[in-house]
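Numbering-wise, this note's numbering puts 18 at position 24 of the sequence shown, and it's gapless, one number per residue.
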Amino acid sequence: MNNPASPPVLRTEGLCKTFHKGGRDIHVLTGVELTLSEGQIAGIMGASGTGKSTLLHLLGGLDRPDGGRVLHRGRDIFSLSDAELAGFRNQEIGFVFQMHYLLSEFTCLENVMMPGVIAGRTWEMVREKARGLLAR
């Protein structure tokens, strides 16, 4: 369900992804249209192998589509430079992977703080924001 009063924060247009396996093409995503507004909660459901993770990887800029576009606040994320795309992933998108790749030598709080530290902020600068995120 979309909130028409709120402009889309993330939108796809004709998103397509094909994998090549054993000499054949496997069309995982074909013409996906999706609109997500600020504050909206959405779920992606389906059987194993139907493209859920592939879609999330495309939305987060972790993989590139074979066709279509992913727009963040109206801007195609795949038109960004590598540095801008890395910034988008670091500042705008958050993932909780099936296999969570947390750093075992750090606490939960420190793992949440890591993107801010990688972006050049000090531990002290990001600690309160990370605490707020964990409190949600």
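In this text, a Cβ means the ideal position worked out from N, Cα and C, and glycines have one as well. Bear in mind that the values here come from a model prediction, so they are computed numbers and not experimental data.
Would you please state the rounded distance, in angstroms, between the beta carbons of residue i and residue j? I believe it to be under 8 Å.
i: Lys11; j: Leu52; result: 6 Å
i: Gly62; j: Gly8; result: 4 Å
Given this structure, state the Cα-to-Cα distance separating residue i from residue j, to the nearest angstrom.
i: Thr44; j: Val22; result: 7 Å
i: Gly114; j: Lys123; result: 15 Å
i: Trp117; j: Tyr95; result: 20 Å
i: Ser42; j: Ile20; result: 14 Å
i: Lys46; j: Phe100; result: 29 Å
i: Ile71; j: Gly16; result: 31 Å
i: Ser75; j: Thr48; result: 22 Å
i: Leu127; j: Arg18; result: 44 Å
i: Arg121; j: Asn105; result: 11 Å
i: Ala129; j: Leu50; result: 24 Å
Using CA atoms only, rank isn't needed, just tell me which of the options is closest to residue i.
i: Cys102; options: Ile112, Gly110, Arg125; result: Arg125
i: Met131; options: Met107, Leu30, Ala129, Arg18; result: Absent from the model: residue 131. The displayed extent of the chain is -5 to 130, so no value can be given.
i: Val26; options: Glu99, Leu4, Ala129; result: Leu4
i: Phe82; options: Leu96, Pro109, Glu104; result: Pro109
i: Thr24; options: Ser75, Leu30, Pro59; result: Pro59
i: Pro2; options: Thr48, Leu65, Leu49; result: Leu65
i: Thr6; options: Arg130, Leu50, Thr29; result: Thr29
i: Gly54; options: Ala80, Gly40, Met39; result: Ala80
Return the first residue and the last residue of the beta strand (DSSP E) that residue i is part of.
i: Phe13; result: 2 to 15
i: Arg58; result: From DSSP, Arg58 is part of no beta strand (DSSP E); its letter is neither H nor E.
Could you spell out where the alpha helix (DSSP H) holding residue i opens and where it closes?
i: Ile112; result: 102 to 112
i: Leu128; result: 117 to 129
i: Ser47; result: 46 to 53
i: Leu28; result: Here Leu28 belongs to no alpha helix (DSSP H); instead the beta strand (DSSP E) covers 18 to 31.
Indicate whether the contact test is met: 3 or more Cβ pairs, each with one atom in the segment 76 to 87 and one in the segment 20 to 36, closer than 8 Å. no
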